[in-house]
Amino acid sequence: MKKETKHNTTEHRSLLDDKKTGYYELALYFAATKAQEEGFQWENFIDNLSYICDKYAYHIQVNKTSHLGR
């Protein structure tokens, strides 16, 4: 895995600090960033997005709650 540059870290932190950014947008961002590190291929992007969504769904199931207040 590539080491994050100062620019990437700043952009990443800015995105996380944005209160209007939803979980779906964050999942897309993280999946795309990871796929880019792997020489961007759509298969990698889809696998990464699926992994993120599965982990989030498991978290909701285990904790019986989501961050959406439902």
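Numbering (the working numbering), first residue to last: 2 to 71.
The beta carbon of each residue, even a glycine, is placed where N, CA and C say it ideally should be.
Keep in mind the model is a prediction, meaning the values are calculated, not measured.
Cβ pair L50, L29 closer than 8 Å: What you label residue 50 is simply residue 49 of the sequence shown in a count that begins at 1. What you label residue 29 is simply residue 28 of the sequence shown in a count that begins at 1. Going by C-beta atoms, L50 is nearer than 8 Å to L29.
Where A58 falls, given that 16 or more other Cβ within 10 Å makes a residue buried: Sequence index remark: in the sequence shown, residue 58 carries index 57 (1-based). That one is exposed.
Own chain residues within Cβ distance below 6 Å of K4, not counting five before or after: Counted from its first residue, the sequence shown places residue 4 at position 3. Confidence in K4 is poor, its pLDDT being 47 and thus under 50, which makes the residue's placement too unreliable to answer from.
Integer-rounded CB distance, given that I53 should sit under 8 Å from F31: Residue mapping note: residue 31 aligns to position 30 of the sequence shown, counting from 1. Residue mapping note: residue 53 aligns to position 52 of the sequence shown, counting from 1. With a Cβ gap of about 6 Å, F31 and I53 count as contacting.
Whether Q42 touches A33 by CB criterion (8 Å): As a first step, residue 42 must be located in the sequence shown, where it is residue number 41. As a first step, residue 33 must be located in the sequence shown, where it is residue number 32. The answer is no: Cβ separation not under 8 Å.
Coil, strand or helix - K65 by DSSP: One-based indexing of the sequence shown puts residue 65 at position 64. Residue state, collapsed to three classes: coil.
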